[in-house]
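Student: Below is one structure. I have some questions about it.
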Amino acid sequence: MKVRHNPNTKHKHIRHDSVKHSGTGNQLVLPFGLNQEASFANYFGETNARPSSMLECAVSDAIESYIFIAGPEGVGKSHLAFSALKQFEETGRQAGYVALNELDDIPDSALESFFDDLYVFDLLVLDDVHDWLGSRARETTLFNLFNDFKAMGGCLILTSNCTVSQMSLSLPDLASRLLSGLSLRLEPLRDDEKETALRRVADSRGLDMSIEVSSYIIKRSARNMGQLLNVLDALDRALWVEKRMLTVPFVKKVMAW
13 MKVRHNPNTK
23 HKHIRHDSVK
33 HSGTGNQLVL
43 PFGLNQEASF
53 ANYFGETNAR
63 PSSMLECAVS
73 DAIESYIFIA
83 GPEGVGKSHL
93 AFSALKQFEE
103 TGRQAGYVAL
113 NELDDIPDSA
123 LESFFDDLYV
133 FDLLVLDDVH
143 DWLGSRARET
153 TLFNLFNDFK
163 AMGGCLILTS
173 NCTVSQMSLS
183 LPDLASRLLS
193 GLSLRLEPLR
203 DDEKETALRR
213 VADSRGLDMS
223 IEVSSYIIKR
233 SARNMGQLLN
243 VLDALDRALW
253 VEKRMLTVPF
263 VKKVMAW
C-alpha cells in the first residue's frame, strides 16, 4: 500500500465518495447527538471515568499504537474517540475518522483502494467496527491496516458495541491483533449520571433545565444517552420557536408524552 501525506488534511471525517479527492473531505460531523465539540472535559459520569482517563493519558503520551473501545450503544464511545482526535491534533499531527457503516456499499474489490487514502493520518479512528466486519476481504483489509499503522508508528482506535471475543471472525490472525494493545470497556451510566449529563449539556446550550425536568425526561425517554440528547435537540428547537420556559408541561407537549 502506498503511503501519502497531505499537510492540509486534518481531523477529517472520511467518506468513500470524497476520499478520492485528497484533502477535500467532508466537514467533520459529530455523532452521538453532539452539537458542541466533544472533549474529555465534557464526557460526564463517574462510571466510565477510569477508561476515559486511561484513553486521555494514552493519547497524550503516545504510548499505544492500538486502542479498542467497547461498550453498548449510547455510552459515549464516539464521544471519547472524538475527544482523542481533538487532543491528538493539538500536538500538530493529523487525525482522521471513518464511520464504517458508511462503507457498506463499497465492493470488497475496492476496499484496498479506499483504505490506501487513510495512511495520511497519524491517528485513525474506525467507528463501529462490529457492524462492518463480516467478510474475509474486510478482515484482511483491517489486518493489513493494523500491521501497517503499527509499523509506521501511528495509532489506530477502533470502537465496537461488543468485545473482540464476541465477534465472529474468520481470520485468526486478526482476532489476535484485536486482542492486543489497550482495551477499554465502557458501561451504561447510572440514571443520576444521565440526569447530570443532560442538565450540563442543556446548560452549555443556554437552557435552564431543572432537576424536575431532567428527572421527568429520564423516566419517560429511552435510557440510551444518545436518545436522551436527541430529546434535548427536539426541545431546543421547540424552545427557539415558541420562546417558552423549559418545564415539564412543555416537555409533555413537545414530545407527546
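Residue numbers (this note's numbering): 13 to 269. Cβ coordinates follow ideal geometry from the N, Cα and C atoms, glycine included.
#1: Compute the distance between the beta-carbons of L201 and G83, then report whether it is under 8 Å.
#2: Buried or exposed for V7, going by 16 or more other Cβ atoms inside 10 Å?
#3: Kindly indicate the opening and closing residues of the beta strand (DSSP E) around A82.
#4: Within the chosen definition, does the stretch 106 to 115 reach the stretch 134 to 149 through at least 3 CB pairs nearer than 8 Å?
#5: Using the Cα positions of K89 and E254, report the straight-line distance between them to the nearest angstrom.
#6: Please list, in chain order, all residues of the same chain as Q239 whose beta carbon is under 7 Å from its beta carbon, the five residues on each side excluded.
#7: Look up T259 in the DSSP assignment and say whether it is helix, strand or coil.
#8: Looking at C-alpha atoms only, which residue of V132, D220, L244 and R212 is the closest neighbour of M56?
#9: Tell me, which residues are paired with T171 by DSSP?
#10: Whose C-alpha, out of K206, I223, R249 and D248, is nearest the C-alpha of N236?
#11: Counting C-beta neighbours from all protein chains within 10 Å, is the total for G104 16 or more, i.e. buried, or is it exposed?
#12: In the DSSP assignment, what residue or residues form a beta bridge with V110?
#13: For the alpha helix (DSSP H) that R148 lies in, which residues bound it at each end?
#14: Measure the C-alpha to C-alpha separation of T175 and V263 and round it to an integer number of angstroms.
#15: Closest by CA to F80, which one among A122, L92 and M267?
#16: Answer yes or no: do S120 and S147 have a C-beta to C-beta separation smaller than 8 Å?
#17: Just to confirm, are L210 and L258 a CB contact at a threshold of 8 Å?
#18: Indicate the three-state DSSP secondary structure (helix, strand or coil) for S226 in the structure shown.
#19: Check whether the stretch 223 to 231 touches the stretch 68 to 77, taking contact to mean three or more Cβ pairs, one atom from each stretch, closer than 8 Å.
#20: Under the rule that 16 or more other beta-carbon atoms within 10 Å means buried, what is D10, buried or exposed?
#21: List the residues that DSSP assigns as beta-bridge partners of S195.
#22: Which whole-angstrom value is the C-beta distance of G165 and F133, which I expect to be below 8 Å?
#23: Leaving out five residues on either side along the sequence, give the residues of the same chain with a beta carbon under 6 Å from the beta carbon of R150.
#24: So the candidates are R62, F158 and K98; which of them puts its Cα closest to the Cα of A50?
#25: Closest to N242 by C-alpha separation, out of P261, R256 and A214, would be which residue?
#26: Applying the criterion that 16 or more other CB atoms from any shown protein chain within 10 Å of the CB defines a buried residue, is L191 buried or exposed?
#27: Helix, strand or coil: which one does DSSP assign to V272?
Tutor: This is what the structure holds:
#1: What you label residue 201 is simply residue 189 of the sequence shown in a count that begins at 1. What you label residue 83 is simply residue 71 of the sequence shown in a count that begins at 1. Between L201 and G83, the C-beta spacing is not below 8 Å.
#2: As displayed, the chain neither begins before 13 nor continues past 269, which places residue 7 out of reach and without an answer.
#3: Start at 1 with the first residue of the sequence shown, and residue 82 comes out as number 70. From DSSP, the beta strand (DSSP E) with A82 extends over Y78 to A82.
#4: yes
#5: Within the sequence shown, numbered from 1, the residue matching residue 89 stands at position 77. Within the sequence shown, numbered from 1, the residue matching residue 254 stands at position 242. The alpha-carbon atoms of K89 and E254 are separated by roughly 34 Å.
#6: The count along the sequence shown starts at 1 and reaches residue 239 at position 227. Hits under 7 Å: G86 and S233.
#7: The count along the sequence shown starts at 1 and reaches residue 259 at position 247. DSSP places T259 in coil when its eight states are reduced to three.
#8: The count along the sequence shown starts at 1 and reaches residue 56 at position 44. A small fix is needed here, since residue 56 is Phe in this sequence, not Met. Among V132, D220, L244 and R212, the Cα nearest to that of F56 is on R212.
#9: Against the sequence shown, residue 171 aligns to sequence position 159. Looking at the DSSP assignment, T171 forms a beta bridge with I81.
#10: Taking the first residue of the sequence shown as 1, we reach residue 236 at position 224. Nearest C-alpha to N236: K206.
#11: Here residue 104 is taken as the residue at index 92 of the sequence shown, counted from 1. The residue in question, G104, is exposed, as its Cβ has fewer than 16 Cβ neighbours within 10 Å.
#12: As a position in the sequence shown, residue 110 is number 98, starting the count at 1. In DSSP, V110 forms a bridge with L138.
#13: Start at 1 with the first residue of the sequence shown, and residue 148 comes out as number 136. Run containing R148: R148 to M164, per the alpha helix (DSSP H) assignment.
#14: For the purposes of this step, residue 175 is taken as residue 163 along the sequence shown, with counting starting at 1. For the purposes of this step, residue 263 is taken as residue 251 along the sequence shown, with counting starting at 1. One C-alpha to the other measures close to 37 Å.
#15: Taking the sequence shown and counting its residues from 1, one reaches residue 80 at position 68. Residue L92 is the option with its Cα nearest to F80.
#16: Along the sequence shown, one-based indexing puts residue 120 at 108. Along the sequence shown, one-based indexing puts residue 147 at 135. Ser is not the amino acid found at residue 120; the sequence shown has Asp there. Yes, they are a contact pair.
#17: As a first step, residue 210 must be located in the sequence shown, where it is residue number 198. As a first step, residue 258 must be located in the sequence shown, where it is residue number 246. No, the Cβ-Cβ distance between L210 and L258 is not below 8 Å.
#18: By 1-based counting over the sequence shown, the position of residue 226 is 214. Three-state DSSP puts S226 in a helix.
#19: no
#20: No answer is possible for residue 10: it lies beyond the span of the chain, which begins at 13 and ends at 269.
#21: In the sequence shown, counting from the first residue as 1, residue 195 sits at position 183. The partner list for S195 (beta bridge, DSSP) reads F80.
#22: On the sequence shown, residue 165 is found 153 positions in, with the first residue counted as 1. On the sequence shown, residue 133 is found 121 positions in, with the first residue counted as 1. Going by Cβ atoms, the distance from G165 to F133 rounds to 12 Å, so no, they are not a contact pair.
#23: Taking the sequence shown and counting its residues from 1, the one referred to as residue 150 is at position 138. Within the same chain, R150 has no close Cβ partners at all.
#24: What you label residue 50 is simply residue 38 of the sequence shown in a count that begins at 1. Checking every option, the nearest Cα to that of A50 belongs to K98.
#25: Along the sequence shown, read from residue 1 onward, the residue named residue 242 stands at position 230. Looking at the Cα atoms, A214 is the closest of the given residues.
#26: Indexing the sequence shown from 1 puts residue 191 at position 179. Exposed, because fewer than 16 other Cβ atoms sit within 10 Å of the Cβ of L191.
#27: The structure shown does not extend to residue 272, since the chain is modelled only from 13 to 269, so the question has no answer here.
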